[in-house]
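Beneath this line is the structure, given in structure tokens, with notes to follow.
Numbering (this note's numbering), first residue to last: 4 to 229.
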């Protein structure tokens, strides 16, 4: 199948030639938080057929955005990881997430799935680097059967799937409570205070946590009629 192209000598058009097809940028989103096996990608992107997933991954490999690797012990299984070029799409994906939170999210539709693992990248999108100046802490989040962690280091952040080796603080919640947070129906400080999230670990690190992440306020894309 011939690759679709805008046939424009423009950096934006050339980029969309590479990642503008349906599902492609979401695959990049998944791989930005670390290598994934084919089955991991299927689980996160329910609704994407096996054949289409295989085709999209071949496209990303062919275009130099992803590569096949073997996970280290004890897994030792084939997986996909982003190349340097793929990793550099990270700021663009985060910018889309921030824009979408403000201008596109709204209320969750009945037909929409929610995967707690998607919050891994959301943590980076909502991160307030200024508030994190001088903060060094590792936070582990356990949501349903998902585990991910965030490492904050003096205004910088790294968010990854999987448990942390030595977390300073651990936050646990069920999917419903976490979905409410993602939808903006609650905030982290209130969720902890009300017991929707259970926390343990260093008290100072926990007290700082709500200040480190700021969800953009939703706005209406449609201006009021004059």
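Even for Gly, the Cβ is constructed at its ideal location relative to N, Cα and C.
Beta-carbon proximity list for residue i, same chain, < 6 Å, skipping 5 on both sides
i, result
"residue 209", "172, 202"
"residue 161", "154"
"residue 8", "20"
"residue 26", "51, 59"
"residue 93", "35"
Helix, strand or coil at residue i according to DSSP, with G and I counted as helix
i, result
"residue 157", "coil"
"residue 91", "coil"
"residue 143", "strand"
"residue 170", "coil"
"residue 81", "strand"
"residue 164", "strand"
"residue 175", "strand"
"residue 200", "coil"
"residue 117", "coil"
"residue 40", "coil"
"residue 73", "strand"
"residue 110", "coil"
"residue 127", "helix"
"residue 225", "coil"
"residue 149", "strand"
Presumed contact (8 Å Cβ cut-off) between residue i and residue j, rounded CB distance
i, j, result
"residue 151", "residue 174", "About 10 Å; that fails the 8 Å criterion."
"residue 89", "residue 28", "Wrong, their Cβ atoms sit about 11 Å apart, outside the cutoff."
"residue 164", "residue 120", "6 Å"
"residue 21", "residue 59", "That belief does not hold up - the Cβ atoms of residue 21 and residue 59 are roughly 11 Å apart, past 8 Å."
"residue 57", "residue 63", "Their Cβ separation, rounded to whole angstroms, is 11 Å, which puts residue 57 and residue 63 out of contact at 8 Å."
"residue 192", "residue 180", "With a Cβ gap of about 14 Å, residue 192 and residue 180 do not count as contacting."
Same chain, Cβ closer than 8 Å to residue i, neighbours up to 5 away in sequence not counted
i, result
"residue 38", "72, 74, 82, 83, 84"
"residue 190", "184, 213, 218"
"residue 178", "117, 119, 146, 147"
7 Å CB neighbourhood of residue i in its chain, flanking five on each side removed
i, result
"residue 222", "105, 106"
"residue 118", "47"
"residue 3", "Residue 3 cannot be examined here, being either before or after the span of the chain that is shown, 4 to 229."
"residue 187", "218, 221"
Distance, residue j Cα to residue i Cα
i, j, result
"residue 157", "residue 147", "30 Å"
"residue 1", "residue 130", "An answer regarding residue 1 cannot be provided, because it is not within the stretch 4 to 229 covered by the chain."
"residue 200", "residue 80", "34 Å"
"residue 116", "residue 125", "16 Å"
"residue 109", "residue 220", "10 Å"
"residue 54", "residue 42", "13 Å"
"residue 4", "residue 135", "Any reading at residue 4 needs caution, since the residue's pLDDT is 46, under 50, leaving its predicted position unreliable; the model's value is listed next. Rounded to whole angstroms, residue 4 to residue 135 spans 48 Å at the Cα level."
"residue 133", "residue 91", "22 Å"
"residue 45", "residue 112", "22 Å"
"residue 114", "residue 99", "22 Å"
"residue 11", "residue 18", "11 Å"
"residue 65", "residue 6", "11 Å"
"residue 227", "residue 76", "57 Å"
"residue 16", "residue 95", "14 Å"
Of the listed residues the options, nearest to residue i (C-alpha basis)
i, options, result
"residue 140", "97, 176, 207", "207"
"residue 128", "102, 177, 44", "102"
"residue 24", "177, 111, 93, 51", "51"
"residue 143", "205, 159, 97", "205"
"residue 197", "216, 176, 211", "176"
"residue 216", "167, 159, 226, 227", "159"
"residue 97", "228, 36, 78, 227", "36"
"residue 78", "40, 49, 65, 95", "40"
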